[in-house]
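The numbering used here runs 25 ahead of the 1-based position in the sequence shown.
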Amino acid sequence: MCFKYKLHCSVLYALLALAVVCYLPVVIQDAVTYREVVLAQHACCGFVPESRIERPVTYALVDEWTQPIWKENAVKTERWLTSDGIVNGQTKFWRLLERHPLELIPE
26 MCFKYKLHCS VLYALLALAV VCYLPVVIQD AVTYREVVLA QHACCGFVPE SRIERPVTYA
86 LVDEWTQPIW KENAVKTERW LTSDGIVNGQ TKFWRLLERH PLELIPE
């Protein structure tokens, strides 16, 4: 099929190669971040955005994600639906799946 449309195939291959070259720094940075977080002895936790494209290595190597649970943030202004990433039996990452503002209670 590519022989008939040689020009189109070479353009397609060039675009594919360009996409790989442009995405490679993202993969390398994610691998470095994953390694730093996992090797830190008492560190918890590295934030992982919900987009698997932004953190492909982390999503591939986390052993499991816990069931999402609702928590209040530290300043008690929002409720967050979070899930923890377990690596070697320890929580090393977390994801923020949803956030909702807490309604102010009138006094």
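Just so it is clear, CB atoms sit at the ideal spot from N, CA and C, and this is done for glycine as well.
Since the model is a prediction, treat every value here as computed from it, not as a measurement.
Taking every protein chain shown into account, the CB of F118 has 16 or more other CB atoms within 10 angstroms, so this residue is buried. Secondary structure at Q66: coil, using DSSP grouped into helix, strand and coil.
Here R60 carries a helix assignment [DSSP, helix/strand/coil]. Looking at the backbone, the Cα of L86 and that of L127 are separated by about 34 Å. Pairing D88 with I53 gives a Cβ-Cβ distance that is not under 8 Å. In the three-state DSSP reduction, L86 falls in the helix class (H, G or I).
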